[in-house]
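Beneath this line is the structure, given in structure tokens, with notes to follow.
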Amino acid sequence: MGIHRGHQARPGEWLAEKLIFLISLSAIGMVLLIFLFVAREALPVFFGQTDTALIQPVIPTAELDRHSPAELQRYLELTPEQFTTMDKETIKTLMDVKIEALNDIPENFRNDPDAKINTTEWKYLLRPHQWSGYEKPERIWQPVGQIKKFNLIPLFVGTLKTTLIGLLFAVPLAVGAAIYVSQLARPRVRETVKPVIEMLSGIPSVVTGVFALIVMATVLQHIFGYQTRLNAFVAGIALGFAVIPVIFSIAEDALTSVPRAYTQAALALGASRWQTAWQIVLPAALPGVFAASVLGFGRAIGETMIVLMVCSASVMSWSIFDSARSITTTIAAEMAEAVNGGPHYRILFMLGALLFAATFVSNMIGDFVIHRFKNKLEGKR
Amino acid sequence: MKKLLSLLSFAALAANLQAGTITVKGSDTLVILAQKWAEVYMGEHKDTKIQVTGGGTGTGFAALQAQQTDLCDASRKAKPAEIANCVKVFNGKRPLEYKVALDGLSVYVHPENSVKELTLDQVKDIFTGKTKNWKEVGGADAPITVYSRENSSGTYEFFKEHVLKGQDFAASAQTQQGTALIVQSVMKDKNAIGYGGAAYGGGSKLLPIKKDETSPAIAPTEENVVAGTYPIWRHLFIYLDPAKDKGEIAAYLNWIRSDSGQKYVKEIGYYPLPKNLRSN
Numbered sequence: 003m004g005i006h007r008g009h010q011a012r013p014g015e016w017l018a019e020k021l022i023f024l025i026s027l028s029a030i031g032m033v034l035l036i037f038l039f040v041a042r043e044a045l046p047v048f049f050g051q052t053d054t055a056l057i058q059p060v061i062p063t064a065e066l067d068r069h070s071p072a073e074l075q076r077y078l079e080l081t082p083e084q085f086t087t088m089d090k091e092t093i094k095t096l097m098d099v100k101i102e103a104l105n106d107i108p109e110n111f112r113n114d115p116d117a118k119i120n121t122t123e124w125k126y127l128l129r130p131h132q133w134s135g136y137e138k139p140e141r142i143w144q145p146v147g148q149i150k151k152f153n154l155i156p157l158f159v160g161t162l163k164t165t166l167i168g169l170l171f172a173v174p175l176a177v178g179a180a181i182y183v184s185q186l187a188r189p190r191v192r193e194t195v196k197p198v199i200e201m202l203s204g205i206p207s208v209v210t211g212v213f214a215l216i217v218m219a220t221v222l223q224h225i226f227g228y229q230t231r232l233n234a235f236v237a238g239i240a241l242g243f244a245v246i247p248v249i250f251s252i253a254e255d256a257l258t259s260v261p262r263a264y265t266q267a268a269l270a271l272g273a274s275r276w277q278t279a280w281q282i283v284l285p286a287a288l289p290g291v292f293a294a295s296v297l298g299f300g301r302a303i304g305e306t307m308i309v310l311m312v313c314s315a316s317v318m319s320w321s322i323f324d325s326a327r328s329i330t331t332t333i334a335a336e337m338a339e340a341v342n343g344g345p346h347y348r349i350l351f352m353l354g355a356l357l358f359a360a361t362f363v364s365n366m367i368g369d370f371v372i373h374r375f376k377n378k379l380e381g382k383r
Numbered sequence: 005m006k007k008l009l010s011l012l013s014f015a016a017l018a019a020n021l022q023a024g025t026i027t028v029k030g031s032d033t034l035v036i037l038a039q040k041w042a043e044v045y046m047g048e049h050k051d052t053k054i055q056v057t058g059g060g061t062g063t064g065f066a067a068l069q070a071q072q073t074d075l076c077d078a079s080r081k082a083k084p085a086e087i088a089n090c091v092k093v094f095n096g097k098r099p100l101e102y103k104v105a106l107d108g109l110s111v112y113v114h115p116e117n118s119v120k121e122l123t124l125d126q127v128k129d130i131f132t133g134k135t136k137n138w139k140e141v142g143g144a145d146a147p148i149t150v151y152s153r154e155n156s157s158g159t160y161e162f163f164k165e166h167v168l169k170g171q172d173f174a175a176s177a178q179t180q181q182g183t184a185l186i187v188q189s190v191m192k193d194k195n196a197i198g199y200g201g202a203a204y205g206g207g208s209k210l211l212p213i214k215k216d217e218t219s220p221a222i223a224p225t226e227e228n229v230v231a232g233t234y235p236i237w238r239h240l241f242i243y244l245d246p247a248k249d250k251g252e253i254a255a256y257l258n259w260i261r262s263d264s265g266q267k268y269v270k271e272i273g274y275y276p277l278p279k280n281l282r283s284n
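Chains Y and L are the protein sequences, given in the same order.
Numbered according to the working numbering, the first sequence terminates at residue 383, and the numbering increases by one at each position without gaps.
Numbered according to the working numbering, the second sequence terminates at residue 284, and the numbering increases by one at each position without gaps.
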């Protein structure tokens with residue numbers, strides 16, 4: 003490493019180089035730290051160390067002396083230091099609070115079989131369960147209430163639904179625009195269209211969200227006549243607007259970087275401009291276009307604000323005209339009120355870790371494909 | 005030397021600020037009212053500084069437990085786990101609870117909706133998804149679209165516990181970020197129903213509610229809420245460490261619950277405490 007120009011690097015240059023190196027190192031460090039933090043908060047769920055059963059055994063306050071300090075400490079969820087510094091009155095008050103908590107449970111939940119189960123076990127997180135009050139086994143995300151239901155599948159479905167609709171809408175439009183701008187448009191048109199599309203990425207997603215919520219939802223409902231005004235379809239289209247500039251600019255780069263010789267050869271052989279663009283340039287740039295779509299996927303799956311504003315009902319349904327709730331929405335909307343260190347908090351962190359993994363993998367694939375493609379075009383295998 | 009002096013004076017200033025500052029944190033429902041109170045009180049008492057932030061009732065309790073705030077605004081009662089956490093840091097004392105205002109929750113529908121009133125049970129069935137069509141409750145033959153709040157809201161929890169009796173909201177209930185957005189959606193959707201503070205109703209129809217089949221339908225007006233005849237209402241609270249309930253903070257709390265503080269409650273859209281509740 004270093005600058006090799008046949009002479010010793012000047013001290014200033016050396017310093018600048020090391021500084022830049024340190025900064026890039028710290029960026030990698032940050033990413034790692036964030037991931038470690040998220041993973042640490044989520045681990046107790048993975049290992050089944052959380053318990054959300056509504057009815058827990060209690061120790062009557064009068065029996066305080068019959069139990070060993072270690073038992074009481076565990077029962078009151080105290081650290082050893084906390085326990086030793088507390089006087090008897092405090093311990094009694096804490097035990098009273100535990101009993102009051104039990105007495106606070108409404109009558110109709112006392113005999114509910116659901117009140118005894120730990121809803122953070124994996125089978126309740128992933129598989130349908132017949133909760134009392136429901137007619138058939140269902141997957142329910144209702145993390146606040148007496149019986150906390152944490153089924154993750156509706157959120158996965160919601161995320162995929164909105165993301166895929168967004169991509170189905172954005173990819174053809176963005177790639178089409180990229181082909182037009184890079185191959186067919188006159189230079190004057192290109193100079194205006196390109197920056198305008200790229201300017202779309204400058205619209206804050208909150209603004210897109212408000213627009214979708216107030217204008218697009220109504221207009222689309224008039225056109226398609228579906229029942230739920232705010233649904234995955236509206237959210238997906240709005241997401242599409244956020245994703246188009248990402249896909250467009252990368253796809254356009256890929257198309258423009260196809261060697262001029264290809265185009266010239268095709269035109270010289272008598273192909274029309276359209277044939278050249280469609281049959282020669284696009285296939286050559288296909289890996290780049292694919293990578294653009296994958297990066298667009300990463301952007302769409304991580305987008306929060308638009309989905310949050312437009313639709314957020316955790317319905318278990320694949321219909322695009324039903325509402326949906328994405329993972330990002332769930333984290334953004336619920337984190338502020340989740341009790342620190344509680345099961346809800348840990349599950350939200352687990353969702354964050356999964357999302358992190360998903361975007362990380364999709365970005366890696368995109369990056370990998372782009373590099374392969376560049377090398378191929380430049381003749382380096 | 006000069007630098008050092010200015011630094012010292014800055015530190016002194018910071019310490020000074022700290023001494024006379026009351027921090028308030030918690031419920032988003034209460035935050036506008038809390039800001040109004042703070043503004044007026046600071047105008048009258050020049051040497052008191054009050055800092056108000058929202059973030060939600062749960063956030064307020066978290067700050068109270070970490071002793072990062074003096075007062076915690078709450079739109080619901082403290083949960084046992086929150087009380088236990090407070091006991092641990094308040095030297096064995098429970099957090100002190102003051103009721104500071106009343107709030108009536110109304111049920112909104114589109115102005116063109118032909119339904120005139122609902123019983124509590126009908127409201128429950130609609131929001132749990134058991135009743136799916138307006139004709140089942142005396143309206144037109146049209147499916148019901150249910151709007152609800154995010155589950156981080158104190159209003160959501162209150163509605164779930166007291167109106168739905170702890171049952172789940174329908175999975176298809178659309179959640180919105182705030183009461184104003186619910187009203188906004190209800191106004192745009194003929195078959196919609198939503199809930200929230202009476203003050204936000206603007207333009208939508210606030211349905212009178214019957215406690216049961218035989219009782220009269222009561223509209224969510226001030227007198228009905230204050231008299232306790234309107235069935236869906238709640239208290240808004242302030243919680244604090246009992247050790248801090250003295251001096252400046254006690255004076256502020258007394259002022260809030262006196263006539264001079266309570267007259268601002270209505271201005272913001274909630275209802276003042278009845279006289280008999282003001283002494284706690």
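Just so you know, even glycine gets a beta-carbon here, dropped at the ideal spot from N, CA and C.
Judged by beta-carbon spacing, Leu350 (chain Y) lies beyond the 7 Å limit of Glu305 (chain Y), meaning their Cβ atoms are not closer than that value. The beta carbon of Val195 (chain Y) lies closer than 6 Å to those of Val183 in the same chain, with the five residues before and after it left out. What Asp193 (chain L) touches in chain Y, judged by beta-carbon distance under 7 Å, is Arg231, going in chain order.
Here the C-alpha atom of Ala38 (chain L) lies approximately 44 Å from the C-alpha atom of Ile25 (chain Y). In the three-state scheme derived from DSSP, where H, G and I count as helix and E and B as strand, Cys76 (chain L) is classed as strand. With the criterion set as a beta carbon lying under 8 Å from some beta carbon of chain L, the members of the region 84–105 of chain Y are Gln84, Met88, Asp89, Glu91, Thr92, Thr95, Leu96, Val99, Lys100, Glu102, Ala103, in sequence order.
The CB of Phe111 (chain Y) comes closer than 7 Å to the CB of Gly170 in chain L, given here in chain order.
Counting C-beta atoms within 10 angstroms of its own C-beta, Asp116 (chain Y) has 16 or more neighbours from the protein chains shown and is therefore classed as buried.
Within its own chain, the residues whose Cβ lies closer than 7 Å to the Cβ of Leu175 (chain Y), once the five positions on either side in sequence are excluded, are Ile246, listed in chain order. With contact defined as three or more Cβ pairs closer than 8 Å, the region 126–140 of chain L and the region 159–174 of chain L are in contact. With contacts defined by Cβ atoms closer than 7 Å, Phe292 (chain Y) and Val371 (chain Y) form a contacting pair. Cβ contact annotation for Phe94 (chain L) (same chain, cutoff 6 Å, sequence separation greater than five): Asp245, in chain order. For a Cβ distance threshold of 8 Å, nothing in chain Y lies close to Arg261 (chain L): the least Cβ distance comes to about 26 Å. Residues of chain Y with a Cβ closer than 7 Å to the Cβ of Ile87 (chain L) are, in chain order, Val99. With a beta-carbon spacing of about 5 Å, Ile36 (chain L) and Ile272 (chain L) fall inside the 8 Å limit used to define contacts. Along the region 155–166 of chain L, the positions whose C-beta sits under 9 Å from a C-beta of chain Y are Asn155, Ser156, Ser157, Gly158, Tyr160, Glu161, Lys164, Glu165, read in chain order. Contact annotation: Lys214 (chain L) and Thr123 (chain L) have beta-carbon atoms nearer than 7 Å. Taking 7 Å as the cut-off, the beta carbon of Pro212 (chain L) is found no closer than this to the beta carbon of Ala202 (chain L). Fewer than three Cβ pairs drawn from the region 98–105 of chain L and the region 136–147 of chain L lie within less than 8 Å of each other, which leaves the two stretches out of contact. Asn120 (chain Y) has a beta carbon lying at 7 Å or more from every beta carbon in chain L. Leaving aside the five residues that flank Gln266 (chain L) on each side, the residues in its chain whose CB is nearer than 8 Å to its CB run, in chain order, Ala105, Ile260, Pro276, Leu277, Arg282. For Gly200 (chain L), the three-state secondary structure derived from DSSP is strand. Put simply, the CB of Glu336 (chain Y) is near chain L, with a gap under 7 Å to one of its CB atoms.
Taking 7 Å as the threshold, the shortest C-beta distance from Pro246 (chain L) to chain Y does not fall below it. Within 10 angstroms of the beta-carbon of Arg238 (chain L) lie 16 or more other beta-carbons, which makes it buried. Across the region 193–222 of chain Y, CB contacts with chain L closer than 9 Å involve Leu215, Ile216, Ala219, Thr220, in sequence order along the chain. Beta-bridge annotation (DSSP): Ser152 (chain L) is paired with L:Thr179.
Taken through DSSP and simplified to helix, strand or coil, Phe173 (chain L) comes out as coil. For Asn365 (chain Y), the closest Cβ of chain L is not nearer than 7 Å. If one requires a minimum length of 4 residues, the alpha helix (DSSP H) runs lying completely within the region 41–87 of chain L are 61–69, in chain order. Membership of Thr25 (chain L) in the beta strand (DSSP E) is indicated by the continuous run 25–30.
The shortest CA-to-CA distance from Thr361 (chain Y) to any of Y:Glu15, Y:Leu271, Y:Thr165 is the one to Y:Thr165. Leu310, Met311, Cys313, Ser314, Ala315, Ser316, Val317, Met318, Ser319: these are the residues of the region 286–320 of chain Y whose beta carbon lies less than 9 Å from some beta carbon of chain L, given in chain order.
In the DSSP assignment, the residues bridged to Val111 (chain L) are L:Tyr199. By the Cβ neighbour-count rule, Lys151 (chain Y) is buried, with 16 or more other Cβ atoms within 10 Å of its own. Contact between the region 254–272 of chain Y and the region 310–330 of chain Y is absent, with fewer than three C-beta pairs closer than 8 Å.
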